[in-house]
Amino acid sequence: MRIGILTGGGDCPGLNAVIRAVVRTANGRYGDSIVGFRDGWRGLLEDRKVQIQNDDRVDRLLAKGGTMLGTARVNPDKLQAGIEQIKQTLDDNGVECLIPIGGEGTLTAARWLSDEGVPVIGVPKTIDNDIACTDVTFGHDTALSIATEAIDRLHTTAESHQRVMLVEVMGRHAGWIAMNAGMASGAHLTLVPEEPFDVDRVCRMIKRRFQHGDSHFICVVAEGASPDPASMTLREGGIDEFGHKIFTGVAQQLGAEIERRIGKEVRTTVLGHIQRGGAPTSYDRILATRFGVHAAEAAHAGESGKMVALHGTRIDLVPLDEATKELKRVPEERLREAAAFFG
Ligand code: F6P
């Protein structure tokens, strides 16, 4: 059998571990041949590829961040318009099943292909952890560990200077990194896209904490968090590839507003792409490897239109239709649990 593989969207620690596991299982165990397409869907639109075998180079990929295939963000309209070209490239290369590894955009494109009768098995990736139908995506644990370590460090310097520290973490549409890193590092407040925040309330919490004699205030801000428009207006930074508004530097803007309103010294740290780079944690290496093994087995068994997913300790196959209906956001219950530690 001939299997195609690509990595699409933003990169994420663990992508190489999935590629290694697919190659090891499909090529090493079953003797399938593997063609990797370069730079995500662009490689399929432009027929740029590489033959991959179960060799030493692939075996050494496990702990390596990034993706050996390269990745790119492709505008969904361009992608939809290019579906015929993509099908042609798959045909020309004799691909019998495609394994796209990616987030919302990549998995949605995978569903379009599957609707057109192309055999596809998706693998969910994103540090944001916002893909539905799977308990977790690989990459999230690594980003979370990096964010937690950074916030631990900010606690000590904030304490020494009696400062308010804002830490902006990734998460445009869901606040999983912010929520989990905030809880893991004992932050005094976490702001997420799921719940608009009230700047007056944030200022009151900070004032109260210092009045009680506490020495510092750490607030984790997801990059997609936004204020209740009645309490503050954020400057917009454009529109993302899915047509959603992006606000630039929410933490910077909030920091300036807090200083203006209560005269407290604020420092802001934006963790940015540090959260996405470097080696995956052990947890992500294992999850990515298990996803890769199951994706290769599903492709080899003739499954299609499915995505590998973690349910408890099991890896299952779920319909791509279900997985791409909507993003997985932080539920009410997690917001309530976290709020017990605020202030
Ligand atoms: O989707 C993953 C992610 O890291 C988001 O958390 C972040 O908003 C976005 O990608 C950044 O994208 P880019 O690397 O294109 O700037």
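Okay, so the sequence shown: first residue is 1 according to the UniProt record's numbering, each after it adds one. All C-beta atoms, glycine included, are put in the ideal place defined by N, C-alpha and C.
Residue i: CB within 7 angstroms of a non-hydrogen atom of the ligand F6P
i	result
R208	no
G65	no
I3	no
D128	yes
R20	no
H140	no
R73	yes
G103	yes
R276	yes
G305	no
M183	no
R172	yes
E223	yes
H273	yes
G237	no
G243	no
Below-8 angstroms beta-carbon distance, residue i vs any chain C residue
i	result
V95	The displayed structure is made up of one protein chain only, and chain C is not part of it.
Residue i, buried or exposed, once every other Cβ within 10 Å from all chains shown has been counted against 16
i	result
E337	exposed
K328	buried
P331	exposed
R235	exposed
N75	exposed
K78	exposed
S114	buried
H216	buried
Q253	buried
D56	exposed
R172	buried
F37	buried
H294	buried
D128	buried
R290	buried
Bridge-paired residues (DSSP) for residue i
i	result
D316	A309
A150	Looking at the DSSP assignment, A150 forms no beta bridge with any residue, so it has no partner.
C219	L166, L189
Q51	V35
L15	Note: L15 sits in no beta bridge, so no partner.
G238	I246
T268	L166
L6	P100
K207	K207 is not bridged to any residue.
K125	F138
residue 368	The first residue shown for the chain is 1 and the last is 343, placing residue 368 beyond what the model contains.
F291	F291 pairs with nothing; no bridge assigned.
Whole-angstrom distance between residue j and residue i, CA atom to CA atom
i	j	result
G66	G278	7 angstroms
L287	A296	14 angstroms
A21	R60	11 angstroms
R261	C203	8 angstroms
D228	A299	46 angstroms
I99	S282	23 angstroms
A63	A17	7 angstroms
N54	D240	37 angstroms
R285	G243	32 angstroms
R276	R29	31 angstroms
V308	L15	14 angstroms
residue 361	A132	This structure does not reach residue 361, given that the chain is present from 1 up to 343, and the question cannot be answered.
G82	K306	22 angstroms
R73	E104	11 angstroms
R267	V164	6 angstroms
G102	V221	25 angstroms
T233	I3	49 angstroms
V95	G40	16 angstroms
G175	P319	25 angstroms
I206	L45	52 angstroms
A184	T148	6 angstroms
Residue i beta carbon near the ligand NAP (any heavy atom closer than 7 angstroms)
i	result
G10	No copy of the ligand NAP appears in this structure; the ligands present are the ligand F6P.
Contained beta strand (DSSP E) runs [length at least 3] in the segment 49 to 101, N- to C-terminal order: 49 to 52
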